[in-house]
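Protein chains in written order, with my numbering: chain A, 149 to 839; chain B, 2 to 176.
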């Protein structure tokens, strides 16, 4: 009961307490009133009994005096019409029953003798009847005592009336209770309403965290006080939250900056190597738990070193950021791209069904890098080599996948750059070997393993060295000398030919400049491959190199093969025209072995023809060779071109060539290709032939 | 329940035999005492036009035990008068009395007595004994051992006597 009461809301409690008190008051009032009503009812009955007895006694004296019981009986019978009389009796003066009456429906029996102790007392609650007695007196003046009349009032109607009245009182009490309850319900709202609204506000604050709400302070009592204190508390809270939020914001900003520095490359704004390591861990976990495949793509820019060297690091960085932008745009949102450093990028892509989709993405990347980048009004082209490894097809751990993607990328470089390769387990040993060679070739320039050798070109009639042909040699760390025909194709494949070509150009130009000054050397001839011709600014490279070496163009000669002329007709012709206008010599190497088209000899701007050593070797005996050489020499003379015979090894060959009118010669008979220092000695001794 | 068991008793309606206050007693003395009391009571319920200044006279005509039974009445007062009990032998003597009780021995002279009294206010009482009861004002009768009375109201009014209605009510017969 008390537990239930404690669970009630305050309003109900107040109501319950008030109702209990009011109920008690009403109950007590009812009881009091009932008692009063009962006693007044009894008084009424007493009075009624007294009146009746008095009236009857007045007419009973004679009956008693004349001992007329019948008459007395008749008199008593008149009580039949009087309600609430249970019975009556008359006793004579000796106390014996004289006459009696009982109402029809009452079990009253008068006692045969008068017992005064039964009368004179007020009836109590619960008594069935109220007894009354009155003495009957004789006629005046003696008024002697004749007997006694007793009256017995039936109280059942009195109780009925009493119950009815109590009922009415209780009904009124209940009505009052209901009215008070209604009133209390209304009144208690003055107490509970502010409490409820305060609770609402508190709930709003605690559940929704809304600190902008305030409790309305309507009353001046304790609840009003509570509301205002609560408001102060919220104010304080909101103030604290505000400053906390501000601090949190600042901290987050700092953390973001730190994380950016830690995880992003400042040049490209792409994630850095650190992020990539995290990402690959995530991708591996994702594969472990979700069997999600992913591909690793190593992207290495082709010739980026050239851009850096030519335009400086500032432009290089600018270009990297533009490349990063293009990479990002060519990838899907879910793909991850990072810069590993230098000109290396990496992509992690998932959500593919087969390798075709990966190929498509790789092609898209290469296509995005195709359009030229323009800096300071100049257009720069860049390519990329891409190596791809796939988890789980190639491996399931990060290190293996990275190594495989790297190998595939080198393979792509080796296969001519600007392409992509998937890593394959069955890569041949020779391929691996070539990859090794390739790797060491890449480092050869840095390690100064690339060297320029010089072979003298001799004026046959004057037996005098007029010039040199510059020939490149790769002297590996173990001392072995690699010939150009062994490594130049590879260098061309991997794009290193440009760097090597530039090195040879610069080195030989510098050397020649010294020889021209010291010995009055006419020229040095340098070989250019068709790959070098593909570069848009070959002429600039050459003129820059000559300028830097302070060498006149007329002291420089370019040797090209017929195939260069055939492959790059229009661009090449304009280049050659440009060079020849500056007075530079242009020689066709290995003449007679290729197309040897008469038309290009006449239309292309050339100044010299070099007869292939295969013809020279057959001289002087082979008639056909003899005829060919005779024809070439004749042709050259008539077109005003100089002629050089290559590969002269014997005196007979020299004699024959001289006889045929060939102007210049070159070969082991005079000297094999030698290092610059030895070539200088040859010039000093003014000998045409080495000892 | 035990309480309700008494309910049948309730049905005992009050119809008891009216027991006479005085038991059926044939002794002469007892009857005389009742008659004496009656005479006294009659005096209380009757009004006389004039009463003698000295005393209220009750006279007994003929010899009758009632005379002796009236002895105690002498000590009482009737209408603030001393009571005298007188035995008379002639009708003429009756004129000085307020109440004349005619004993059995004098029943034969009742006719004379009434003539003698005429319209004088004298209450004549006698026991009914075969004579015309109308000749006396109150005649006593014995019924079921109890003494009752008849009243000749006409004669009482002729004699200027006023009988109380209570008395008339108690009478067995009123002429």
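Don't be surprised by glycine CBs; every beta carbon is placed ideally from N, CA and C.
All figures in this text were calculated on a predicted structure; none of them were measured in a lab.
Query                                                                                                                                                                               : Result
Can you find a CB in chain B that lies within less than 8 Å of the CB of residue 340 of chain A?                                                                                    : no
Give a yes or no on whether the C-beta atoms belonging to residue 95 of chain B and residue 114 of chain B are separated by under 8 Å.                                              : yes
From the DSSP output, read off the bridge partner residues of residue 653 of chain A.                                                                                               : Bridge partners of residue 653 of chain A: none, in fact.
Assuming residue 646 of chain A and residue 695 of chain A form a contact by the criterion Cβ under 8 Å, report the distance between their Cβ atoms to the nearest whole angstrom.  : The Cβ separation is near 19 Å, so there is no contact.
Of all Cβ atoms in chain A, is any one closer than 8 Å to the Cβ of residue 170 of chain B?                                                                                         : yes
How would you list, in chain order, the residues of chain B whose beta-carbon sits under 8 Å from the beta-carbon of residue 287 of chain A?                                        : 45 and 46
Anything in chain A within Cβ reach of residue 39 of chain B, meaning under 8 Å, just list it in chain order.                                                                       : 214
Residue 48 of chain B: beta carbon under 7 Å from a heavy atom of the ligand ADP?                                                                                                   : Questions concerning the ligand ADP fall outside what the structure shown contains, since it holds no ligand whatsoever.
Using DSSP bridges, identify the partner residues of residue 47 of chain B.                                                                                                         : B:164
Is it a yes or a no for the stretch 781–793 of chain A touching the stretch 744–761 of chain A, going by three-plus beta-carbon pairs under 8 Å?                                    : yes
What is the rounded straight-line gap between the Cα of residue 439 of chain A and the Cα of residue 405 of chain A?                                                                : 34 Å
One question on the structure: do residue 193 of chain A and residue 278 of chain A come within less than 8 Å of each other, judged by their Cβ atoms?                              : yes
According to DSSP, is residue 500 of chain A helix, strand or coil?                                                                                                                 : coil
Do the stretch 404–419 of chain A and the stretch 484–491 of chain A meet, that is, are 3 or more Cβ pairs less than 8 Å apart?                                                     : yes
Starting from residue 621 of chain A, trace the beta strand (DSSP E) both ways and give me its first and last residue.                                                              : 612–623
How is residue 180 of chain A classed by DSSP in three states: helix, strand or coil?                                                                                               : helix
By DSSP's criteria, residue 249 of chain A is part of a beta bridge. Which residues make up the other side?                                                                         : A:236
If you drop the 5 nearest sequence neighbours on each side, which residues of the same chain put their C-beta closer than 7 Å to that of residue 789 of chain A?                    : 754, 755, 756 and 757
Name, please, each residue of chain B whose Cβ falls closer than 9 Å to the Cβ of residue 211 of chain A.                                                                           : 167, 170 and 171
Quick one: what's got a C-beta closer than 7 Å to residue 254 of chain A's C-beta in the same chain, skipping five residues either side?                                            : 234, 235 and 302
Counting only C-beta atoms, is residue 42 of chain B closer than 8 Å to chain A at any point?                                                                                       : yes
Restricting to Cα atoms, I'd like to know which of A:470, A:679, A:559 and A:504 is closest to residue 523 of chain A.                                                              : A:470
Taking the alpha-carbon positions, what's the residue 712 of chain A to residue 679 of chain A distance?                                                                            : 9 Å
Quick one: residues in its chain with C-beta nearer than 6 Å to the C-beta of residue 307 of chain A, no 5 flanking neighbours on either side, listed in chain order?               : none
So for residue 307 of chain A, helix, strand or coil by DSSP?                                                                                                                       : helix
So does the stretch 340–350 of chain A actually touch the stretch 358–366 of chain A, counting three or more Cβ pairs closer than 8 Å?                                              : yes
Taking all protein chains shown into account, decide if residue 347 of chain A is buried (16 or more other Cβ within 10 angstroms of its Cβ) or exposed.                            : exposed
For residue 171 of chain B and residue 174 of chain A, what's the separation of their Cα atoms in angstroms?                                                                        : 58 Å
Using only the alpha-carbon positions, how far apart do residue 446 of chain A and residue 415 of chain A sit?                                                                      : 19 Å
Using C-beta distances below 6 Å, list every residue in its chain close to residue 168 of chain B, excluding the 5 sequence neighbours before and after it, in chain order.         : 46
For residue 284 of chain A, I'd like the list of residues in its chain whose CB is within less than 8 Å of its CB, leaving aside the five on either flank, ordered along the chain. : 205, 208, 209, 212, 238, 293, 294, 295, 296 and 297
Are any of the Cβ atoms in chain B nearer than 8 Å to that of residue 296 of chain A?                                                                                               : no
Over what stretch of residues does the beta strand (DSSP E) that includes residue 569 of chain A continue unbroken?                                                                 : 568–570
Using 8 Å as the threshold, is the C-beta distance between residue 585 of chain A and residue 620 of chain A below it?                                                              : no
Is it buried or exposed, residue 26 of chain B, if we count other Cβ atoms within 10 angstroms and call 16 or more buried?                                                          : Note that residue 26 of chain B scores a pLDDT of 42, beneath 50, so its modelled location is shaky and nothing firm can be said.
Are at least three pairs of beta-carbons, each pair with one atom in the stretch 116–131 of chain B and one in the stretch 150–161 of chain B, less than 8 Å apart?                 : yes
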